[in-house]
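The structure appears below as structure tokens.
There are 2 protein chains.
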Amino acid sequence: MISCSDLHGFRGLFLDFIGDPFDDFEANCTRFFADGLLVVESGKIKDFGEYRILKKQYPELEITAYPNQLMIPGLIDLHVHYPQTEMVAAYGEQLLEWLNKYTFPTEARFKHQAHAQIMADFFLDELLRHGTTTALVLTTVFPESVDAFFEAADRRHLRMIAGKVMMDRNAPKELLDTASTSYEQSHQLIQKWHDYHRLAYAVTPRFAITSTPEQLVLAGRLLQEYPGIYLQTHLSENLKEIQLTLELFPNNSDYLSIYEQFGLVQSRSVFAHGIHLSDGEFNRLSAAQSTIAFCPTSNLFLGSGLFKLHTSQSLNPSIAVGLGTDIGAGTSFSILQTIGEAYKVTHLQGQAFSGLQGLFLATLGGARALQLDDKIGNFQIGKEADFVVLDLQATPLLSLRTRQALEEKTLEAIADSLFALTMLGDDRMVQATYIMGKPALFATDLGSG
Amino acid sequence: MISCSDLHGFRGLFLDFIGDPFDDFEANCTRFFADGLLVVESGKIKDFGEYRILKKQYPELEITAYPNQLMIPGLIDLHVHYPQTEMVAAYGEQLLEWLNKYTFPTEARFKHQAHAQIMADFFLDELLRHGTTTALVLTTVFPESVDAFFEAADRRHLRMIAGKVMMDRNAPKELLDTASTSYEQSHQLIQKWHDYHRLAYAVTPRFAITSTPEQLVLAGRLLQEYPGIYLQTHLSENLKEIQLTLELFPNNSDYLSIYEQFGLVQSRSVFAHGIHLSDGEFNRLSAAQSTIAFCPTSNLFLGSGLFKLHTSQSLNPSIAVGLGTDIGAGTSFSILQTIGEAYKVTHLQGQAFSGLQGLFLATLGGARALQLDDKIGNFQIGKEADFVVLDLQATPLLSLRTRQALEEKTLEAIADSLFALTMLGDDRMVQATYIMGKPALFATDLGSG
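In order, the protein sequences belong to chains W and C. For the first sequence, the residue numbers in our numbering are 1 to 449. For the second sequence, the residue numbers in our numbering are 1 to 449.
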């Protein structure tokens with residue numbers, strides 16, 4: 001019997017958050033169903049609860065069953081460079097040398113829209129293969145590369161945020177815009193893409209080193225002109241970067257004050273890294289309700305240092321933190337693997353960080369940081385049905401490690417398995433990714449693979 | 001036509017070492033053939049060189065071709081606990097608490113030989129799936145667990161070194177031996193397994209905390225009685241461990257001096273970790289020509305600290321260093337992924353560490369550390385034909401990243417791809433593992449899977 005309704009159900013194990021496990025006991029923040037039912041209608045969550053109870057209300061429901069799989073909300077990547085996909089794992093340098101030697105030549109190729117289109121497709125396939133359904137994405141200085149990204153995201157019906165890199169000094173000439181062209185191009189791209197379907201725009205000065213004060217003034221003006229847009233940039237990643245930044249802005253006492261001076265530090269601002277922040281900078285980010293994107297695989301790969309997550313969470317209010325893969329300085333597209341590396345970075349500093357805390361940052365926490373928690377982040381009724389099906393037994397070692405948890409099916413056992421996945425898993429642990437209740441579309445589905 | 005000869009050839013890309021890239025230019029230490037031929041006879045390397053030239057000498061040779069795959073010598077894991085396989089990624093503790101909470105209960109199950117046999121099979125399958133062909137393996141205190149391991153290794157014709165854990169204090173009662181029973185049991189196991197086929201024995205006091213002075217005296221006696229055997233133990237991994245150790249040995253000035261006092265610091269001694277060694281301890285390890293097993297995934301996972309590889313290599317003579325996965329505190333069975341994490345640990349300290357240096361430690365360097373470089377470690381004629389076939393295109397991202405290198409097929413491009421594999425790869429990058437020139441045997445092949 002073919003159902004005429006748009007209703008569809010998903011049955012299996014479910015885990016999501018309704019509170020912040022950095023503030024409260026994990027059991028109070030977490031919803032777990034060993035046998036749950038998610039009901040989706042027209043791409044949104046119509047109902048959610050225990051299968052045994054909820055099923056009675058939907059006697060005719062068509063159901064996709066994942067009896068031994070764990071469904072979680074779609075993962076959110078708060079910092080990633082799509083044009084750097086092909087240069088991941090570039091050997092041997094720290095930040096500034098790495099930019100000059102590898103990044104700038106790679107980004108220069110994105111003036112060709114055909115190249116940008118191919119790479120945007122590849123990049124989004126990788127995100128979806130790893131369970132990431134929303135990301136805050138840096139493109140390049142070329143507007144063509146922004147169009148290519150948004151077009152590819154829109155064809156897949158994804159909720160994505162991106163922006164054109166603004167960069168008018170300290171980079172190769174072919175990669176530079178000017179203060180005025182960067183303003184004009186950003187302006188046009190905002191008109192074209194911001195709030196179009198599920199897309200949103202982020203004003204994107206690369207970092208203070210590559211923007212003149214004139215350009216930063218205009219970045220601030222864009223934020224004022226379009227209150228709903230975002231700001232993304234880099235902050236305090238590497239010691240040499242900080243030193244050069246303060247040489248370029250000799251009247252500023254610290255790195256954050258530069259962005260503050262131009263009105264870039266606000267509640268929709270996401271700063272990547274923040275490794276070497278002073279206590280004063282931490283406090284001001286807290287007061288401004290800005291977000292830090294914690295990118296542990298990148299911070300370890302570039303030898304940048306260890307982010308003080310515990311400091312960010314000890315403030316009042318705590319600083320909103322999300323996780324970033326930071327491809328191509330990061331070494332994995334997987335936000336789950338990024339949680340694993342975040343654990344290592346915090347544990348090395350003698351601090352606790354649980355798998356559930358990591359998953360919170362990657363789902364509801366990231367959604368809150370982006371002020372998108374009315375739309376995504378958990379299985380709340382009315383939200384968009386972006387979610388991920390995890391196979392806890394994707395490899396022989398994972399099977400061995402999670403076997404008992406799949407017999408018990410308690411929150412504690414499944415949380416332990418989730419932690420194991422963050423350490424031992426790879427893209428194979430993502431069995432399926434759903435966008436608005438439908439299987440995610442890949443380049444091959446769209447005829448562009 | 002069926003060949004009556006035992007000769008078999010392998011054609012493809014080959015990379016191995018004939019020198020130490022910590023001492024000399026990489027190009028001087030490395031052999032690379034873009035189109036090479038390895039000729040194997042009766043499990044040993046009969047010939048090795050450029051295909052175009054060497055093939056003329058073997059007109060009838062049957063050849064297995066891997067045209068786009070990279071063949072490297074079998075990988076060597078210098079520190080791994082086979083009974084800890086099922087407890088990898090155990091959450092939230094540093095060394096001493098982690099031992100009590102997770103490790104000891106897991107190891108207690110190995111008094112049952114049937115369990116030990118199943119886990120030995122699983123463990124060896126994992127090693128082979130990740131390209132590891134030789135390992136220095138800790139078992140448990142139960143002789144049954146040692147027998148199970150050696151039997152499983154012997155059925156696969158592997159070159160493996162292992163030993164019974166000696167532990168007569170500071171652990172749960174059911175896991176303790178006594179000084180005299182540990183001596184007797186080790187003695188019998190050496191008689192049974194050392195130098196049997198490709199197997200060798202390592203005297204294995206867990207660490208100074210869990211052995212009385214009486215037991216360490218007898219460990220030293222075993223080394224004197226059997227000059228060809230090894231010593232493996234842990235050294236200076238964690239600050240609390242060091243503090244407790246020195247409380248237990250109040251007359252010793254540092255950790256290493258305890259092992260020295262009992263004659264355990266010699267050229268066939270492998271010490272895991274060595275993270276917090278003093279300069280004096282580094283110098284004495286250098287003078288004794290002992291080996292350190294560098295276990296970066298474990299050191300990050302347990303928050304133990306960062307091994308000073310550069311210090312170990314700056315001494316004269318430099319300290320022999322190999323790589324250890326340290327499963328179950330380590331988070332990957334892959335020595336290639338371990339190289340990637342070693343890069344992060346060294347880079348975080350501002351030091352250089354190349355993919356080729358990592359591969360050296362994992363092949364010829366490890367073989368030299370074990371004094372097995374007359375038998376394994378590279379493709380030198382006469383050595384045993386243990387090798388690994390790497391698929392540089394095992395995932396979409398790896399394919400993108402290594403595409404150009406596979407067109408160029410130069411040493412520089414392939415070395416860069418190898419580095420990318422250490423960051424981005426997993427067990428899928430190991431297309432095949434050969435033992436003595438034959439495809440490795442897995443539990444299913446042996447009827448025990």
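Don't be surprised by glycine CBs; every beta carbon is placed ideally from N, CA and C. Just so it is clear, the structure is predicted and the values come from calculations on it, not from any experiment.
query: Based on the DSSP secondary-structure assignment, which residues constitute the bridge partners of C/E241?
result: Answer is none; C/E241 lacks a bridge partner.
message: Considering Cα atoms alone, identify which of C/L323, C/G350, C/A162, C/L95 is closest to C/G340.
response: When the alpha-carbon of C/G340 is set against those of C/L323, C/G350, C/A162, C/L95, the nearest one is in C/L323.
query: Taking 8 Å as the CB-CB cut-off, is C/C4 touching chain W?
result: Note that C/C4 has pLDDT 49, beneath the 50 cutoff, so the model's placement of it is unreliable and no number is given.
field: Assigned secondary structure, C/I381 (DSSP; H/G/I helix, E/B strand, else coil)
entry: In this structure, C/I381 counts as coil in the three-state DSSP scheme.
query: Would C/E86 count as contacting chain W if we go by Cβ distances under 8 Å?
result: Yes, C/E86 counts as interfacial toward chain W.
field: Closest by C-alpha distance to C/V40, when choosing among C/F123, C/F387, C/M167
entry: Checking every option, the nearest Cα to that of C/V40 belongs to C/F387.
field: Alpha carbon of C/I327 to alpha carbon of C/L99, nearest angstrom
entry: Looking at the two C-alpha atoms, the distance is approximately 13 Å.
- request: Could you tell me if C/D16 is buried or exposed, where buried requires 16 or more neighbouring beta carbons within 10 angstroms of its beta carbon?
  value: Buried.
- prompt: With DSSP run on the structure shown, which of helix, strand or coil describes W/S3?
  reply: Here W/S3 scores only 47 on pLDDT, less than 50, and its place in the model should not be relied on; the value that follows carries that caveat. Correct three-state label for W/S3: coil.
query: Span of the beta strand (DSSP E) holding W/D154?
result: W/D154 -> not in any beta strand (DSSP E); alpha helix (DSSP H) instead, spanning 143-155.
message: On the CB-based measure, 16 or more other CB atoms within 10 Å of its CB, does W/I335 come out buried or exposed?
response: Around the CB of W/I335, 16 or more other CB atoms lie within 10 Å, so the residue is classed as buried.
- prompt: Is C/I275 near C/F307, with beta carbons less than 8 Å apart?
  reply: If you check the CB distance, C/I275 and C/F307 come in under 8 Å.
- prompt: Going by DSSP, which residues form a beta bridge with C/M71?
  reply: The beta-bridge partner set that DSSP reports for C/M71 consists of C/F14, C/V389.
query: For W/M423 and chain C, any beta-carbon pair shorter than 8 Å?
result: A Cβ of chain C is located within less than 8 Å of the beta carbon of W/M423.
- request: Have a look at C/A272, C/P439, C/E144, C/E60 and flag the residue whose alpha-carbon is nearest the alpha-carbon of C/G330.
  value: Distances from the alpha-carbon of C/G330 to those of C/A272, C/P439, C/E144, C/E60 put C/A272 closest.
query: What is the DSSP secondary structure of W/T410, counted as helix, strand or coil?
result: The answer is coil: DSSP assigns W/T410 none of H, G, I, E or B.
Under 9 Å by beta carbon: chain C residues contacting W/T331: Neighbourhood of W/T331 in chain C, by CB distance below 9 Å: G340, K344, M423, L424, in chain order.
query: With a Cβ-Cβ cutoff of 8 Å, do W/R401 and W/L424 count as a contact?
result: Result yes, Cβ atoms of W/R401 and W/L424 sit closer than 8 Å.
- request: Step through the CB atoms of chain W and report whether any lies within less than 8 Å of the CB of C/H347.
  value: Yes, its Cβ sits closer than 8 Å to a Cβ of chain W.
field: Three-state class that DSSP yields for C/A293 in the structure shown
entry: Three-state result, C/A293: strand.
- request: Please state if the CB of W/Q117 and the CB of W/T103 are separated by a distance shorter than 8 Å.
  value: No, the pair does not count as a contact, with Cβ atoms beyond the cut-off.
C/M429 at chain W interface by Cβ criterion, 8 Å: No - not a single Cβ of chain W is within 8 Å of the one on C/M429.
message: On a Cα-Cα basis, can you pick out the residue from W/F249, W/G377, W/P227 that is closest to W/I435?
response: With distances taken between Cα atoms, W/I435 lies closest to W/G377.
query: Which of the three DSSP states, helix, strand or coil, is assigned to C/S417?
result: Look at C/S417 here: in three-state DSSP terms it is helix.
query: So what does DSSP say about C/Q94, is it helix, strand or coil?
result: DSSP places C/Q94 in coil when its eight states are reduced to three.
- prompt: So does the segment 108-117 of chain W actually touch the segment 45-59 of chain W, counting three or more Cβ pairs closer than 8 Å?
  reply: The segment 108-117 of chain W vs the segment 45-59 of chain W: no contact.
- prompt: If we ignore side chains and look at the alpha-carbon of each, how far apart do C/M87 and W/R169 end up?
  reply: So the alpha carbons of these two residues sit roughly 52 Å apart.
query: Is it the case that the Cβ atoms of W/Y66 and W/G12 are separated by a distance below 8 Å?
result: Yes; because the gap between Cβ atoms is below 8 Å, this pair is in contact.
- prompt: Among all the DSSP beta bridges, which residues are the ones paired with C/F271?
  reply: The partner list for C/F271 (beta bridge, DSSP) reads C/T233, C/I292.
message: Taking its Cβ as the centre, do 16 or more other Cβ atoms sit within 10 Å of W/Y201, making it buried, or is it exposed?
response: Taking all protein chains in view, the Cβ of W/Y201 is crowded by 16 or more other Cβ atoms within 10 Å, so the residue is classified as buried.
message: With a threshold of 7 Å on Cβ separation, who are the neighbours of W/L406 within its own chain once the five nearest residues in sequence on each side are excluded?
response: Within the same chain, W/L406 has close Cβ partners N68, L392.
Closest Cα partner of W/I190 within the set W/S211, W/T212, W/V146: Comparing Cα-Cα distances from W/I190 to each of W/S211, W/T212, W/V146, the minimum goes to W/V146.
task: Tell me whether the beta-carbon of W/T204 lies closer than 8 Å to the beta-carbon of W/L138.
output: Yes. Within cutoff.
task: Report yes or no: is there a C-beta of chain W within less than 8 Å of the C-beta of C/P396?
output: Yes, C/P396 lies at the interface with chain W (some Cβ there is under 8 Å from its Cβ).
message: Measuring CB atoms only, is the segment 206-219 of chain W touching the segment 176-189 of chain W, in the sense that at least three cross pairs come out at less than 8 Å?
response: The segment 206-219 of chain W makes contact with the segment 176-189 of chain W: 3 or more CB pairs, one atom from each, lie closer than 8 Å.
Collapsed DSSP secondary structure at C/K55 in the structure displayed: DSSP places C/K55 within a helical segment (H, G or I) once states are collapsed to three.
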